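Each residue of the sequence shown is one higher than the one before, starting from 181 at the first, in this note's numbering. We put the beta carbon where it would ideally sit given N, CA and C, even for glycine. Note that the coordinates shown come from a computational prediction; the quantities given were computed from them, not determined experimentally. Accompanying notes for the structure given below.
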Amino acid sequence: MNEMNKHHHAIIMAGGIGSRFWPLSRNQKPKQFIDILGTGKSLIQMTFDRLCLCVPQQNIWVVTNLDYFELVKDQLPLIESDRILCEPSRKNTAPCIAFAAAVLKDLDPESSMLIAPSDHLILNDLQFVKDIHEGFQFVESTQGLLTLGIQASRPDTGYGYIHFNNYENQSHDIFPVVAFVEKPNHNLALQYLESGNYLWNSGMFIWKTSSIISAMEEYTPAISALFSDFSMDQLELIYDQVESISIDFAVMEKSKNVYVKTVDFGWSDLGTWGSLYHLSKQDDRQNVIHSDKQLLYDVNQCIIHSNTDQLIVVQGLNDYIIINTADVLLICEKSNEQNIKQMVADAATHFGKNNFS
């Protein structure tokens, strides 16, 4: 194990609502706070444990929505309250990162930051730790902005991609980024896979705090100005004014100092019920079952998840998502799960946002 550096910090982004995991994931308790995998720990607890292997525990921060402060305190009791940075509204990842960087700049001007989503799955913690330490070393020697790119194993249309220059490498696994590419169609994803110089965009980043602040000053000066010398009592006013934009659009796609480290540590963003299906143990009919009581008749390749003690009886379905909660039953073809976000919106419109979103 590498000795931990007191200037290395990890920022857990935990403000999302995980609507693609509806109806299990809700506004009042989104998926990062749920034990979706049946391990006895929520996704954010697993993320915290993993990051404790990378940086000093007191250097782990959570940026979340104000509504989730108590959830974070309850699930991560080792984190001090002043390490929980609460956003008054959701404005995507660029303001989230600007907020964390502004706080860190004052606390530790020599700091470097790992940015990590709260709800991803990583199977190989030891390889993850190795890659993170190598990433910290790279950004501290180059002042570069580093993103982690996942070796693509299939032509997945659910991920963004990173196009990298594999002819000009800084090391055997760090390369200049050519472009960030939005989620492609199947044929384009197949071309990316075959080309060998496209990676899945993990949404994880490493940089020196001073480097990302300088980049934001150059490429997104309006956001940078709002967080320059700000105080916490100004936060609500700042978030009323700040643009809602991702760090990819705000900085990473514009900067000429962006690199990608190719990594392979058993990653999934756990973005959909379908991704959970592919990661879970399947029975002899290729069903994934997270339910205490069920009777299945001629059911194949389905995911069945229930957090109630109700008996689930299913007959004659293939390739379906079946999710049962105390107040919502979802039955949806796996091939149409991209429509779940719209279903959430429709349920909120017809039956009340507070009840069903």
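Practice problem: Grab the span of the alpha helix (DSSP H) containing K253 for me, first residue to last. | Solution: 249 to 255
Quiz prompt | Where V431 falls: helix, strand or coil (DSSP) | solution = helix
Quiz item: In this structure, does DSSP put Q212 in helix, strand or coil?
Solution: helix
Exercise. Would you give the residue range spanned by the alpha helix (DSSP H) that M412 belongs to?
Key: Going by DSSP, M412 is part of no alpha helix (DSSP H) at all; its letter is neither H nor E.
Self-check item: Contact set for N304: own chain, Cβ-Cβ below 6 Å, skip 5 residues either direction
Solution: F445, G446
Practice problem: Quick one: residues in its chain with C-beta nearer than 7 Å to the C-beta of F360, no 5 flanking neighbours on either side, listed in chain order? | Solution: G340, I342, N381, D428, M432, E433
Self-check item: P289 burial status per 10 Å Cβ neighbour count (16 or more: buried)
Solution: exposed
Quiz prompt | Buried versus exposed, by CB contacts within 10 Å (16 or more), G218 | solution = Answer is exposed; the Cβ neighbour count stays below 16.
Quiz item: Count the other CB atoms within 10 Å of the CB of R334; is the residue buried (16 or more) or exposed (fewer)?
Solution: exposed
Quiz prompt | Range covered by the beta strand (DSSP E) that runs through E168 | solution = Within the shown structure, residues of the chain are numbered from 181 to 537, placing residue 168 beyond reach of any answer.
Practice problem: State buried or exposed for K436, treating a residue as buried only when at least 16 other CB atoms are found within 10 Å of its CB. | Solution: exposed
Quiz item: What span of residues does the beta strand (DSSP E) with T442 cover, start to end?
Solution: 438 to 443
Practice problem: Check N467 in the structure and name its three-state DSSP category. | Solution: If DSSP states are grouped into helix, strand and coil, N467 belongs with coil.
Quiz item: Roughly how many whole angstroms lie between the Cα atoms of H485 and S390?
Solution: 45 Å
Self-check item: Whole-angstrom C-beta distance between A369 and D336, which should lie under 8 Å
Solution: 6 Å
Quiz prompt | First and last residue of the uninterrupted beta strand (DSSP E) at R266 | solution = With the sequence shown as reference, residue 266 is identified as Cys, and Arg is not the correct amino acid for it. Here the beta strand (DSSP E) through C266 covers 264 to 267.
Quiz item: Near D472, what residues of its chain come up, given a Cβ to Cβ distance below 6 Å and the 5 sequence neighbours on each side ignored?
Solution: Counting only Cβ-Cβ distances below 6 Å, and skipping sequence neighbours, we find nothing.
Quiz item: By a C-beta neighbour count over all protein chains shown, 10 Å radius and 16 as the cutoff for buried, is V493 buried or exposed?
Solution: exposed
Self-check item: Close-in-space but distant-in-sequence residues of the same chain around L497 (CB under 7 Å, 5 per side omitted)
Solution: V479, C482
Practice problem: Take D215 and list the residues in its own chain whose beta-carbon comes closer than 7 Å to its own, dropping the five residues that flank it on each side. | Solution: K221, S222
Self-check item: Stretch-stretch touch, CB-based, cutoff 8 Å, three pairs: the stretch 195 to 203 with the stretch 448 to 467
Solution: The answer is yes - the stretch 448 to 467 touches the stretch 195 to 203, with three or more Cβ pairs under 8 Å.
Quiz item: What residue range is occupied by the uninterrupted beta strand (DSSP E) comprising W241?
Solution: 240 to 245
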